[in-house]
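Novice:
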Amino acid sequence: MTTINAATYPIHFEEKGYQELTSLVSERNYSSIFVLVDDNTSNCCYPRFMELFFTNKPMEVIQIEAGEVHKNIETCVGVWNAMTELGADRKSLLITLGGGVITDLGGFVASAFKRGIDFVNIPTTLLSMVDASVGGKTGVDLGVLKNQIGVFANPELIVIDAEYLQTVTPREIRSGTAEIIKYGMTHDIRLFNEIKDNDELNIVDLIHRSIEIKNEVVLEDPKEQSVRKVLNWGHTIGHGIESYFLENNKKEALTHGEAIAIGMVCEAYLSSKVLGFPENQVTEIKEAIVNIYGKVALYEEDFDPILKLMKHDKKNVGGEINFVLLRNYEDFEINCNASEILIRESLMFYVTYK
Ligand code: GLY
Numbered sequence: 003m004t005t006i007n008a009a010t011y012p013i014h015f016e017e018k019g020y021q022e023l024t025s026l027v028s029e030r031n032y033s034s035i036f037v038l039v040d041d042n043t044s045n046c047c048y049p050r051f052m053e054l055f056f057t058n059k060p061m062e063v064i065q066i067e068a069g070e071v072h073k074n075i076e077t078c079v080g081v082w083n084a085m086t087e088l089g090a091d092r093k094s095l096l097i098t099l100g101g102g103v104i105t106d107l108g109g110f111v112a113s114a115f116k117r118g119i120d121f122v123n124i125p126t127t128l129l130s131m132v133d134a135s136v137g138g139k140t141g142v143d144l145g146v147l148k149n150q151i152g153v154f155a156n157p158e159l160i161v162i163d164a165e166y167l168q169t170v171t172p173r174e175i176r177s178g179t180a181e182i183i184k185y186g187m188t189h190d191i192r193l194f195n196e197i198k199d200n201d202e203l204n205i206v207d208l209i210h211r212s213i214e215i216k217n218e219v220v221l222e223d224p225k226e227q228s229v230r231k232v233l234n235w236g237h238t239i240g241h242g243i244e245s246y247f248l249e250n251n252k253k254e255a256l257t258h259g260e261a262i263a264i265g266m267v268c269e270a271y272l273s274s275k276v277l278g279f280p281e282n283q284v285t286e287i288k289e290a291i292v293n294i295y296g297k298v299a300l301y302e303e304d305f306d307p308i309l310k311l312m313k314h315d316k317k318n319v320g321g322e323i324n325f326v327l328l329r330n331y332e333d334f335e336i337n338c339n340a341s342e343i344l345i346r347e348s349l350m351f352y353v354t355y356k
């Protein structure tokens, strides 16, 4: 698969990725290499990584606990302490090997350690391959508020190796699929149609196109001043739902994609009310999402806390909840507003679907 060039770094695919990483490490003459893993990827992914990556530099593995609840500043402090004890310096390289928590947190750790060291992302979940690892967003959560602390910092290189997807659950694959659906609705409807209509689909076939779309958007607007906001399609309501399920002990946490999928249904409803997005397509989205993700147990009593969490979203300015909405497939508008009544209606639209 052809390399995709981001502004300052290449995104290499399959085994070529490891060859390029090996060359990078010898060309840059790093003093030492740190590989950040979690307790899943240390078992499932690190052995493959070690089969394909060669170096004679000193190398250390730092392991953190898996899961979004560990994506916080305390975990970063633990990694910084470990790096310090293991002798990391400004010429060290950090390789992140894991899902979105590892690539987001690892990128942040690297960008702040001694005012910034180089890092390389090797995403191992579908979600991190098609979204989190690409585009330079790094950071951690603050309590249940997602990605509140972070910086833009680009890796030196990304390796996309779909073999790692053998190690993840179907539920995690469906989580990443939501981001591919997102790219489909906003930029290339074929992606959504393939997922919706093709029972024989191999999702790996949609990874390259998804990254191409994300990269084009980020090249145009790296710091999310304008068009990059489109990548938040489904995320305004989706993040509210995700945070709510995460903080509520009575609810089983949703994956990011499960929450974003509900967000796309609700925001499709808002799009129809605010921008005249065709109603038959709102229905098509709702049916496809419920078909893929099932119907999540969400009730009217959940709306208040979800709305409260949405008001904290870092994308909001001046207290207004900021949406990207669709006029049609592949035709979006950023910086849209919707009244609280309409937002409640959109949640009800999902809740009342039988
Ligand atoms: N995940 C949205 C973005 O990277 O902008």
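Using our numbering, you'd call the opening residue of the sequence shown number 3 and step up by one each time. Beta carbons: idealized from backbone N, C-alpha and C, even for Gly.
For glycine 152, is the classification buried or exposed, using 16 other Cβ atoms within 10 angstroms of its Cβ as the cut-off for buried?
Specialist: For the purposes of this step, residue 152 is identified with residue 150 of the sequence shown, where counting begins at 1. Glycine 152 comes out buried.
Novice: Tell me where the alpha helix (DSSP H) around glycine 109 begins and ends.
Specialist: Sequence index remark: in the sequence shown, residue 109 carries index 107 (1-based). First-last of the alpha helix (DSSP H) with glycine 109: 102 to 114.
Novice: Measuring from the CB of aspartate 133, is there a heavy atom of ligand 1 at a distance below 6 angstroms?
Specialist: Walking along the sequence shown from the start, residue 133 turns up at place 131. In this structure, aspartate 133 has its CB closer than 6 angstroms to one or more heavy atoms of ligand 1.
Novice: Only counting the same chain, and skipping five residues up and downstream in sequence, which positions put a Cβ closer than 7 angstroms to that of serine 228?
Specialist: The residue you call residue 228 lines up with position 226 of the sequence shown. The answer, listed in chain order, is Ile336.
Novice: Which residues bound the beta strand (DSSP E) around threonine 169?
Specialist: Residue mapping note: residue 169 aligns to position 167 of the sequence shown, counting from 1. Here threonine 169 belongs to no beta strand (DSSP E), and DSSP marks it neither H nor E.
Novice: If the criterion is Cβ atoms closer than 7 angstroms, does the pair tyrosine 246 and proline 307 meet it?
Specialist: Residue numbering aside, residue 246 sits at position 244 when the sequence shown is read from its first letter. Residue numbering aside, residue 307 sits at position 305 when the sequence shown is read from its first letter. Contact flag set, yes.
Novice: Taking the alpha-carbon positions, what's the valine 111 to glycine 278 distance?
Specialist: Position 109 of the sequence shown, counted from the first residue, corresponds to residue 111. Position 276 of the sequence shown, counted from the first residue, corresponds to residue 278. Their Cα atoms are separated by approximately 44 angstroms.
Novice: Any chance the CB of leucine 221 is under 6 angstroms from a heavy atom of ligand 1?
Specialist: As a first step, residue 221 must be located in the sequence shown, where it is residue number 219. False, no ligand heavy atom lies under 6 angstroms from that Cβ.
Novice: Could you have a look at phenylalanine 346 and say whether DSSP puts it in helix, strand or coil?
Specialist: Reading the sequence shown from its first residue, position 344 is the one you call residue 346. Looking at the sequence shown, residue 346 is not phenylalanine but arginine. It is helical.
Novice: Counting pairs of beta carbons, one from the segment 218 to 227 and one from the segment 193 to 204, are three or more of them closer than 8 angstroms?
Specialist: no
Novice: Work out the CA separation of glycine 240 and phenylalanine 305 for me, nearest whole Å.
Specialist: For the purposes of this step, residue 305 is taken as residue 303 along the sequence shown, with counting starting at 1. For the purposes of this step, residue 240 is taken as residue 238 along the sequence shown, with counting starting at 1. Approximately 12 angstroms between the Cα atoms of the pair.
Novice: Do phenylalanine 121 and glycine 109 have their C-beta atoms within less than 7 angstroms of each other?
Specialist: What you label residue 121 is simply residue 119 of the sequence shown in a count that begins at 1. What you label residue 109 is simply residue 107 of the sequence shown in a count that begins at 1. Yes, these two residues count as a Cβ contact at 7 angstroms.
Novice: Output needed for serine 348: all residues of its chain with C-beta closer than 6 angstroms, excluding positions within five of it in sequence on either side, in chain order.
Specialist: The residue given as residue 348 occupies position 346 in the sequence shown. So the qualifying residues of the chain are Cys268, Tyr271 and Leu272.
Novice: Please list, in chain order, all residues of the same chain as asparagine 250 whose beta carbon is under 6 angstroms from its beta carbon, the five residues on each side excluded.
Specialist: Along the sequence shown, one-based indexing puts residue 250 at 248. For asparagine 250, where only same-chain residues beyond five positions count, there are no Cβ hits under 6 angstroms.
Novice: Report back the beta-carbon spacing between alanine 68 and aspartate 40 to the nearest angstrom; my notes put them in contact at under 8 angstroms.
Specialist: Position 66 of the sequence shown, counted from the start, is the residue given in the question as residue 68. Position 38 of the sequence shown, counted from the start, is the residue given in the question as residue 40. Between aspartate 40 and alanine 68 the Cβ distance is about 4 angstroms, and since that is below 8 angstroms, they are a contact.
Novice: At a threshold of 6 angstroms, does glutamine 230 count as lining ligand 1 (C-beta to nearest heavy atom)?
Specialist: Reading the sequence shown from its first residue, position 228 is the one you call residue 230. Just to set this straight, residue 230 is arginine in the shown sequence, not glutamine. At least one heavy atom of ligand 1 is nearer than 6 angstroms to the Cβ of arginine 230, so yes.
Novice: Who are glycine 141's beta bridge partners in DSSP?
Specialist: Locating residue 141 in the sequence shown gives position 139, counting from the first residue. Gly152.
Novice: Starting from asparagine 74, follow its DSSP beta bridges and name the residues at the other end.
Specialist: Residue numbering aside, residue 74 sits at position 72 when the sequence shown is read from its first letter. Looking at the DSSP assignment, asparagine 74 forms no beta bridge with any residue, so it has no partner.
Novice: Any chance the CB of leucine 2 is under 6 angstroms from a heavy atom of ligand 1?
Specialist: No answer is possible for residue 2: it lies beyond the span of the chain, which begins at 3 and ends at 356.
Novice: Going by DSSP, what residue range makes up the beta strand (DSSP E) through glutamine 65?
Specialist: By 1-based counting over the sequence shown, the position of residue 65 is 63. Its beta strand (DSSP E) spans residues 61 to 66.
Novice: Using the three-state DSSP reduction, which class does glutamate 335 fall into: helix, strand or coil?
Specialist: Against the sequence shown, residue 335 aligns to sequence position 333. Reduced to three states, the DSSP call for glutamate 335 is strand.
Novice: Is tyrosine 296 a contact residue of ligand 1, with contact defined as CB to any heavy atom under 6 angstroms?
Specialist: In the sequence shown, the residue the question calls residue 296 occupies position 294. Note that residue 296 is glycine in the sequence shown, not tyrosine. Glycine 296: no, Cβ never under 6 angstroms from ligand 1.
Novice: Please name the residue, chosen from Thr140, Ile64, Pro157 and Asp133, that lies closest to isoleucine 215 on a Cα-to-Cα basis.
Specialist: As a position in the sequence shown, residue 215 is number 213, starting the count at 1. Nearest option by C-alpha distance: Asp133.
Novice: Ligand 1 and alanine 59: does any heavy atom of the ligand fall closer than 6 angstroms to the residue's C-beta?
Specialist: The residue given as residue 59 occupies position 57 in the sequence shown. Note that residue 59 is lysine in the sequence shown here, rather than alanine. Result no, Cβ not under 6 angstroms from ligand 1.
Novice: Under 7 angstroms between the Cβ atoms of serine 177 and glycine 259?
Specialist: As a first step, residue 177 is located in the sequence shown; it is residue number 175 there, counting from the start. As a first step, residue 259 is located in the sequence shown; it is residue number 257 there, counting from the start. In contact: serine 177 and glycine 259 (Cβ atoms closer than 7 angstroms).
Novice: In whole angstroms, what is the alpha-carbon distance linking valine 232 and glutamate 322?
Specialist: The residue given as residue 232 occupies position 230 in the sequence shown. The residue given as residue 322 occupies position 320 in the sequence shown. Distance between the alpha carbons of valine 232 and glutamate 322 is about 17 angstroms.
Novice: Relative to ligand 1, is the shortest distance from any of its heavy atoms to the C-beta of glycine 102 smaller than 6 angstroms?
Specialist: Here residue 102 refers to the residue found at position 100 when the sequence shown is read from its first residue. Glycine 102: no, Cβ never under 6 angstroms from ligand 1.
Novice: Between the alpha carbons of tyrosine 20 and phenylalanine 55, how many angstroms are there, rounded?
Specialist: Working through the sequence shown from its first residue, we reach residue 20 at position 18. Working through the sequence shown from its first residue, we reach residue 55 at position 53. Cα to Cα, tyrosine 20 sits roughly 6 angstroms from phenylalanine 55.
Novice: What is the rounded straight-line gap between the Cα of isoleucine 104 and the Cα of threonine 77?
Specialist: Locating residue 104 in the sequence shown gives position 102, where the first residue counts as 1. Locating residue 77 in the sequence shown gives position 75, where the first residue counts as 1. When rounded, the distance between both Cα atoms is 11 angstroms.
Novice: Can you confirm whether isoleucine 243, when its beta carbon is compared against all beta carbons of chain B, has any partner nearer than 7 angstroms?
Specialist: Judged by its chain identifiers, the structure shown contains no chain B, having just a single protein chain.
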